[in-house]
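Undergrad: Quick note, the sequences are listed as chains A and B, same order. For the first sequence, the working numbering gives the first residue as 49, with consecutive numbering after it. For the second sequence, the working numbering gives the first residue as -9, with consecutive numbering after it. First, the structure itself, so that you have it in front of you.
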Amino acid sequence: MKFYYFHLMPYPMEHDEASSWVTLSNRHYDPTVGRTLYHQYLDQLEYAEALGWDGICVNEHHQNCYGTMPSPNVMAAMLVRRTSRAKIAILGNGLPLRENPLRIAEEIAMLDVVSGGRIVSGFVRGIGAEYYSTAVNPTHSRERFYEAADLILRAWTEPGPFAFDGRFYRYPFVNPWPRPLQQPHPPVWCPSQGSSETVEWAAQRRFPYLMVFTPLKRIAQVYGEYREACERHGYTASPYQLTVNLPICVAENDRKAEAIARQHAMWVYHVGLRMLPPFWQPPGYTTESSLKRLLATRGKMPTELTYEDLEEGGYIISGSPATVRDKLRVFSDELRAGIVCSGMNGGSHEATLEMMQLFAEEVMPDFREDADVDETAGVGR
Amino acid sequence: MPDTTRITVRDTPVDLLRNGDGPPLLYLHGAGAGGRWLAFQERLAGRFSVLSPSHPGHGGSPPAEWIEHISDLAFHYLDLLDTLGLDRVHLVGASFGGWIAAEIATMASQRLTSLTLIDPVGIKVEGWIYPFLFGMELPQLVATVFHDPTAAMALAPPDMSIDTLALLYRQQTALARVAWNPYLYNPLLRRRLARITTPTLVCWGAHDRLAPLVCAEAWRKEIPGATLRIFDGSGHVPHLEEPDTVAAAVIEFCTARRESR
Chain A
49 MKFYYFHLMP YPMEHDEASS WVTLSNRHYD PTVGRTLYHQ YLDQLEYAEA
99 LGWDGICVNE HHQNCYGTMP SPNVMAAMLV RRTSRAKIAI LGNGLPLREN
149 PLRIAEEIAM LDVVSGGRIV SGFVRGIGAE YYSTAVNPTH SRERFYEAAD
199 LILRAWTEPG PFAFDGRFYR YPFVNPWPRP LQQPHPPVWC PSQGSSETVE
249 WAAQRRFPYL MVFTPLKRIA QVYGEYREAC ERHGYTASPY QLTVNLPICV
299 AENDRKAEAI ARQHAMWVYH VGLRMLPPFW QPPGYTTESS LKRLLATRGK
349 MPTELTYEDL EEGGYIISGS PATVRDKLRV FSDELRAGIV CSGMNGGSHE
399 ATLEMMQLFA EEVMPDFRED ADVDETAGVG R
Chain B
-9 MPDTTRITVR DTPVDLLRNG DGPPLLYLHG AGAGGRWLAF QERLAGRFSV
41 LSPSHPGHGG SPPAEWIEHI SDLAFHYLDL LDTLGLDRVH LVGASFGGWI
91 AAEIATMASQ RLTSLTLIDP VGIKVEGWIY PFLFGMELPQ LVATVFHDPT
141 AAMALAPPDM SIDTLALLYR QQTALARVAW NPYLYNPLLR RRLARITTPT
191 LVCWGAHDRL APLVCAEAWR KEIPGATLRI FDGSGHVPHL EEPDTVAAAV
241 IEFCTARRES R
């Protein structure tokens, strides 16, 4: 199993506002505090490489305290020259949110060339709130996503210049310099919530599917649909196409790990993901059939989830190294996920570094049967 | 009570409510009012043959994927007049429906006997940015649209079933397709309003918080010869908040137009 260290780069504040997204005033953001946080977070990502993590992850979110990386490519650029081995996974760029997505093709190619071919390029639509923050029409979201992905992939693979004439994006000359180092292009991942349209799209293109903050039962179901779709397209999914993003909290014993998780992992759900209902589902962002399925299952909102829900549902893992090893076996052996992306929050920078070290020394070595395998060979392109 | 019929306008299915006798009057509803026959329409039906279609994706009319721009809706209603064999109609539009009605009038004033716009959106007014209704929860939405919140009950959904919630989402989606950005206006429309040659009545709620009186003044100024009437007991939807008074004003205006011709 491969391990990627995932970061949201939150601004970990408490507040009583109805939403941590879009409307939470940025007067709450203290740039002096932000400076310290950014450096600590970047140090953590760099330390992950030193500890043996296979990859480090950044991602894009706008106008919130949940994750302060509106431009993930800027963060990736900072990491490229400070690391030398780990993959740098951008999970991902919000394709429909860009008015000029050719810039994504250019920026990723720059990063890929400078990093010596270590970039993993996630393609996402952005969550609902992002359509309020960027003013992009959410009814165009899915179509813009497919069109921008097509543009970027062609820009990376077809000799330029060529003309591109889409519904949303039009260019008389597509001819980006530089071209990416990895051939035919950097691996593309699809971080998603499991919509059947995206599963099909990713499976058809051998793009790894990443389930983010999802309960175990739902992951199993979507992985099943993905594997089935791969078979339908004439191949068997590699384990490295099935990826999961789950927070892990490890400490010297179960009790201590639970105490840390209760305090810090819960912040993500109870504060970080607190938002007004309209921000979750802007009009047209979801298909009517998906909306009806969501309404029928009546899942809890993130702010309604208790620690027990998260723990029993398999949204998060916490415990001693032995407990965490056992729980991870469910992901490696039963779900057969090839890559785990996990963020860790020990409560302070120092405590986080210690937690990372404990995980690297006491948990990771048990899952290294595939130490010599390159997880990006033949997948994601 | 009105008859409900399903007609097809150039391959696009439309649910149409109709009632009353007299000269034809096409009523274009605002967001959230599709498929509803309210007191205002009933009053108008006392003097006119009222045609009240639901916009595609609203009420019982299915969404139409080809509609990408507000002008698509304007052409859709010109096609509807052709389908029904109506040469000229009185045109009344409220809010979002008023926006569509104004677009129609800039294209084909000769098809209109009169034009009534009730708190329309659709143009950019200096010094005003429409509050973003898509980001509001219900209490804030009601407070923005209604001066008298009890009038909002007329538009309350019948239940909170999955089908009803899906309908509300479908209606919002149909609105967002043409109105998310630029939000609630067409940058090209304002200059074109000078093309309107139809006698025009502009009705406005004195307490409109979505499009306040500064917007009313802009519409009156841009449409040649337009008459502005202010309704003191109303917010954004005077035809729902003071249906009798507004209907009487519309009837008076339309009747005078008919007699002068």
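C-beta: ideal position from N, C-alpha, C; glycine also.
Hey, how far is the Cα of Gln119/B from the Cα of Arg275/A?
TA: Here residue 119/B refers to the residue found at position 129 of the second sequence. Here residue 275/A refers to the residue found at position 227 of the first sequence. At residue 119/B the sequence reads Ile, which differs from the Gln that was named. Going from the Cα of Ile119/B to the Cα of Arg275/A covers about 49 Å.
Undergrad: Between Arg251/B and the rest of its own chain, which residues show a CB-CB distance below 6 Å, the 5 nearest in sequence each way excluded?
TA: Position 261 of the second sequence holds residue 251/B. Bear in mind that a pLDDT of 46 at Arg251/B, under 50, signals an unreliable position, so the model cannot answer this.
Undergrad: For Thr371/A and Phe51/A, what's the separation of their Cα atoms in angstroms?
TA: Within the first sequence, the letter at position 323 stands for residue 371/A. Within the first sequence, the letter at position 3 stands for residue 51/A. Approximately 17 Å, taken between the alpha carbons.
Undergrad: Here's the rule I'm using: 16 or more other beta-carbon atoms within 10 Å means buried, otherwise exposed. How should Glu178/A be labelled?
TA: Translated into the one-based positions of the first sequence, residue 178/A becomes position 130. Under this definition Glu178/A is a buried residue.
Undergrad: Could you check whether the segment 141 to 151 of chain B touches the segment 226 to 236 of chain B, counting it as contact only if at least three pairs of C-beta atoms, one from each stretch, sit closer than 8 Å?
TA: Cβ pair count under 8 Å is three or more, so yes.
Undergrad: So with CB distances below 9 Å, who are the chain B contacts of Glu336/A?
TA: The residue you call residue 336/A lines up with position 288 of the first sequence. What Glu336/A touches in chain B: Pro53, Ala156, Tyr159, Arg160, Thr163.
Undergrad: Shortest alpha-carbon distance to Ile152/A belongs to which of Leu201/A, Gly164/A, His109/A?
TA: Here residue 152/A is taken as the residue at index 104 of the first sequence, counted from 1. Considering only alpha carbons, the answer is Leu201/A.
Undergrad: Kindly confirm or deny that the segment 158 to 169 of chain A and the segment 182 to 198 of chain A touch, where touching means at least three C-beta pairs closer than 8 Å.
TA: No, the segment 158 to 169 of chain A is not in contact with the segment 182 to 198 of chain A.
Undergrad: Output the distance between the C-alpha atoms of Ser243/A and Ser338/A, rounded to the nearest integer angstrom.
TA: For the purposes of this step, residue 243/A is identified with residue 195 of the first sequence, where counting begins at 1. For the purposes of this step, residue 338/A is identified with residue 290 of the first sequence, where counting begins at 1. Their Cα atoms are separated by approximately 7 Å.
Undergrad: Helix, strand or coil for Pro43/B? Go by DSSP, reduced to three states.
TA: On the second sequence, position 53 is the one that residue 43/B refers to. Strand.
Undergrad: Name the chain B residues whose beta carbon is nearer than 7 Å to that of Lys340/A?
TA: Here the question's residue 340/A lines up with position 292 in the first sequence. Within 7 Å Cβ-Cβ: Ile152, Ala156.
Undergrad: Taking CB distances under 8 Å as the criterion, tell me whether Gly125/B reaches chain A.
TA: Within the second sequence, numbered from 1, the residue matching residue 125/B stands at position 135. With 8 Å as the cut-off, Gly125/B counts as an interface residue toward chain A.
Undergrad: So which residues of chain A does Asn171/B contact, with C-beta pairs closer than 9 Å?
TA: Within the second sequence, the letter at position 181 stands for residue 171/B. The contacting residues are Ala183, Val184, Asn185.
Undergrad: Start and end of the beta strand (DSSP E) containing Phe221/A?
TA: Counting from one through the first sequence, the residue named residue 221/A turns up at place 173. Note, Phe221/A: beta strand (DSSP E), 218 to 222.
Undergrad: Ala142/B touches chain A at which residues, Cβ-Cβ below 8 Å?
TA: In the second sequence, residue 142/B corresponds to position 152, counting from 1. In chain order: nothing, as chain A lies at least about 17 Å away.
Undergrad: Determine whether the beta carbon atoms of Pro239/A and Gln289/A lie at a separation below 8 Å.
TA: Here residue 239/A corresponds to residue number 191 of the first sequence, with the count starting at 1. Here residue 289/A corresponds to residue number 241 of the first sequence, with the count starting at 1. Not a contact, by the Cβ cut-off of 8 Å.
Undergrad: Less than 8 Å between CB atoms is the rule here; does Gly332/A satisfy it with respect to chain B?
TA: Position 284 of the first sequence, counted from the start, is the residue given in the question as residue 332/A. Yes, its Cβ sits closer than 8 Å to a Cβ of chain B.
Undergrad: Name the one or two DSSP bridge partners that Met97/B has.
TA: Locating residue 97/B in the second sequence gives position 107, counting from the first residue. Paired residue(s): none; Met97/B is not in a bridge.
Undergrad: Residues in the same chain with beta-carbon distance under 6 Å from Pro350/A, minus the five sequence neighbours each way, listed in chain order, please.
TA: Taking the first sequence and counting its residues from 1, one reaches residue 350/A at position 302. Hits under 6 Å: Tyr317, Leu321.
Undergrad: Quick one: what's got a C-beta closer than 8 Å to Phe243/B's C-beta in the same chain, skipping five residues either side?
TA: Position 253 of the second sequence holds residue 243/B. Within the same chain, Phe243/B has close Cβ partners Ser104, Thr106, Pro189, Leu191, Thr217.
Undergrad: Counting only beta-carbon atoms, is Ala23/B nearer than 8 Å to chain A?
TA: Numbered from its first residue, the second sequence carries residue 23/B at position 33. So no, Ala23/B is outside the interface.
Undergrad: Curious, which full-length beta strand (DSSP E) runs of at least 3 residues does the segment 169 to 214 of chain B contain?
TA: Listed in chain order, they are 190 to 195.
Undergrad: Mark Trp170/B as exposed unless 16 or more other C-beta atoms lie within 10 angstroms of its C-beta, in which case mark it buried.
TA: On the second sequence, residue 170/B is found 180 positions in, with the first residue counted as 1. By the 10 Å Cβ count, Trp170/B comes out buried.
Undergrad: Where do the ends of the alpha helix (DSSP H) carrying Lys265/A lie?
TA: As a position in the first sequence, residue 265/A is number 217, starting the count at 1. Per DSSP, Lys265/A belongs to the alpha helix (DSSP H) from 264 to 280.
Undergrad: Using the C-alpha atoms, what's the distance from Val162/A back to Thr400/A?
TA: For the purposes of this step, residue 400/A is taken as the residue at position 352 of the first sequence. For the purposes of this step, residue 162/A is taken as the residue at position 114 of the first sequence. Near 29 Å, if we compare the C-alpha coordinates of Val162/A and Thr400/A.
Undergrad: Measuring only the C-alpha atoms, how far is Ala96/A from Ile167/A?
TA: Here residue 96/A refers to the residue found at position 48 of the first sequence. Here residue 167/A refers to the residue found at position 119 of the first sequence. Taking the straight line from one Cα to the other gives about 16 Å.
Undergrad: Hey, is Gln405/A close to the ligand NAD, as in C-beta under 7 Å from one of its heavy atoms?
TA: In terms of ligand content, the structure shown is empty, and the ligand NAD therefore cannot be addressed.
Undergrad: On the premise that Leu158/B lies in contact with Pro147/B, defined as a C-beta separation below 8 Å, what is that separation, rounded to the nearest angstrom?
TA: Counting from one through the second sequence, the residue named residue 147/B turns up at place 157. Counting from one through the second sequence, the residue named residue 158/B turns up at place 168. Confirmed, Cβ separation roughly 6 Å.
Undergrad: Quick one: is Tyr180/A near chain B, going by C-beta distance under 8 Å?
TA: Position 132 of the first sequence, counted from the start, is the residue given in the question as residue 180/A. Yes, because at least one Cβ of chain B sits closer than 8 Å to the Cβ of Tyr180/A.
Undergrad: Within the same chain, show all residues whose beta-carbon is closer than 6 Å to that of Phe407/A, passing over the 5 residues directly before and after it, in chain order.
TA: Residue numbering aside, residue 407/A sits at position 359 when the first sequence is read from its first letter. Cβ neighbours of Phe407/A beyond the five flanking positions: Val298.
Undergrad: Check whether the segment 197 to 209 of chain B and the segment 112 to 129 of chain B are in contact - that is, three or more C-beta pairs closer than 8 Å.
TA: Enough Cβ pairs lie closer than 8 Å, so yes.
Undergrad: Just to confirm my understanding: we take Pro186/A, look at its own chain, exclude 5 residues before and 5 after, and list those with CB closer than 8 Å. What are they?
TA: Residue numbering aside, residue 186/A sits at position 138 when the first sequence is read from its first letter. Correct list, in chain order: Gly176, Tyr179, Pro330, Pro331, Gly332, Tyr333.
Undergrad: Quick one: does Arg167/B have its CB under 8 Å from some CB of chain A?
TA: Working through the second sequence from its first residue, we reach residue 167/B at position 177. Taking Cβ atoms only, chain A reaches closer than 8 Å to Arg167/B, which makes this a yes.
Undergrad: Interface residues of chain B around Pro325/A at Cβ under 7 Å?
TA: By 1-based counting over the first sequence, the position of residue 325/A is 277. Simply Glu127.
Undergrad: Which whole-angstrom value describes the C-beta separation of Gly170/A and Ile138/A, a residue pair presumed to lie in contact below a C-beta threshold of 8 Å?
TA: As a working mapping, residue 170/A is identified with position 122 in the first sequence. As a working mapping, residue 138/A is identified with position 90 in the first sequence. Yes, Gly170/A and Ile138/A are in contact; Cβ-Cβ is about 6 Å, under 8 Å.
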